[in-house]
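Residue numbers (the working numbering): 523 to 975.
This is how it looks when you write it as structure tokens:
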């Protein structure tokens, strides 16, 4: 990017000399220099060069109520003055964490009235690994250790989170996954369905769970973990036959079901949780992101009462974090949930923003580069293809990254997962801002097609 502001170059130099960024090629980043974001309001960001950018990814799927909500700033300030920090260890607690636990369970699925707090979704999934194995040990079945995840699922980048997830690029760095974690195919019809219809493929993908349970042995399987909709994997929305078949399979076997709601939770699907949308009845739910709208780090695990009872009656659970239930984060979470509830943001996402976004996004289906547009709630994906009929790709061209770069240059943040462009804007995005998003997306698709030709 061309640089006019000398301070931009200063910050980029600091990045190259001192900062190790997440998920980055450091050599490439140093040569190019990062885009420096300096302020935000509503659904827009501004960089250090003064460019206004529509944030089609809500940060990292998290800024549910939009940027610049003064109430969240005030909640943090007030709590910092009263009690800036204390831990939840050693039979101690504080009001913000306790009140937030109650507020979360008020909107959680029925029968889930207990929360374990963490600092992030990744830490939440570390907690899940520890908790489900501890649960089965307390039940007298310590051999139930194996957790089944999905290929291309994402459950964070801590050691356990990366193991539970099924991303090969992460597994290649560090000798992952550890023993006791196995993976089954993802329900990605567009990319992997072949000649099957979506409904046929959905059943087939679900049946891989039963196949894996029988292969490992029911007596050895502790849990199945899955996102209701795979987010970082490319907004993989399962065929309609998938979850009903999975629920049927789970009902047959004595294993726990973990719904990773880090992305889908707190309104993203138009319901409070993706588990509500699909009626999943999980035993544990990992949460983060929309819990505080990303204003401050926080995560957790919502636990079904039957599981919590076993854990709570089993003596010490030797697990926790310095910042579990941090009082400032909890105060921000409480205020964020109040905003979501009192302003009926989840309901408006379902009835107003989501239908309009999905309608406008589908208009991109006619573009020569687009093989499929799919979406649900405030989630969307655009598949970039060479041939619509065969769903074949432009091999070796990196079309997704070409498109993402054009987005960067034209005031839109839209993420590339391979050759799939994905969006997840703030829940409060207006119709006019959705129009802006779609118009900019079409312009970038045009530029991408021109570039690869």
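Note that the Cβ used here is the ideal one computed from N, Cα and C, for glycine as well.
On a predicted model such as this, the values are computed, not experimentally measured, just so you know.
| Query | Result |
| --- | --- |
| Exposure of residue 852, with buried meaning 16 or more beta-carbon neighbours within 10 Å | buried |
| Terminal residues of the alpha helix (DSSP H) in which residue 794 lies | Residue 794 -> no alpha helix (DSSP H), and no H or E assigned at all. |
| Segment contact, 8 Å Cβ cut-off, at least three pairs: the stretch 654-673 with the stretch 685-692 | yes |
| Three-state secondary structure assigned by DSSP to residue 487 | Residue coverage of the chain in this structure runs from 523 to 975, which leaves residue 487 outside it and unanswerable. |
| Inter-residue Cα distance where the pair is residue 532 and residue 845 | 33 Å |
| Residues near residue 759 by beta carbon distance below 6 Å, same chain, minus five either side | 751, 896 and 898 |
| Those residues which DSSP pairs with residue 639 across a bridge | 822 |
| Residue 706 beta carbon near the ligand COA (any heavy atom closer than 7 Å) | Absence of the ligand COA is noted for the structure shown, with no ligands found whatsoever. |
| Beta strand (DSSP E) runs wholly inside the stretch 799-876, at least 3 long, in chain order | 806-809 and 821-825 |
| Rounded separation between residue 747 and residue 778 - CA only | 9 Å |
| Cβ-based burial, residue 924 [other Cβ within 10 Å; buried from 16] | buried |
| Residue closest to residue 641, alpha-carbon to alpha-carbon, out of 784, 537, 653 and 723 | 784 |
| Three-state secondary structure assigned by DSSP to residue 644 | helix |
| 8 Å Cβ cutoff met for residue 954 and residue 934 | no |
| Residue 900 (DSSP reduced to helix, strand or coil) | coil |
| Pair within 8 Å by beta-carbon distance, residue 584 and residue 866 | no |
| Expected contact under 8 Å - CB spacing of residue 913 and residue 712 to nearest Å | 6 Å |
| Residue range of the alpha helix (DSSP H) that includes residue 769 | 764-774 |
| Contacts around residue 893, its chain only, beta-carbon distance under 6 Å, and the 5 residues preceding and following it disregarded | 905, 907, 910 and 913 |
| Buried or exposed by the 16-neighbour rule on C-beta atoms within 10 Å, applied to residue 588 | buried |
| Coil, strand or helix - residue 942 by DSSP | strand |
| Residue 766 and residue 721 closer than 8 Å at C-beta | no |
| Cβ shell of residue 619 (< 7 Å), same chain only, five flanking positions each side left out | 610, 639, 847, 849 and 852 |
| In chain order, each beta strand (DSSP E) run of at least 3 residues that lies wholly inside the stretch 681-765 | 703-706 and 743-748 |
| First through last residue of the alpha helix (DSSP H) which encompasses residue 582 | 580-583 |
| Nearest candidate by alpha-carbon position, reference residue 660, set 839, 941 and 869 | 839 |
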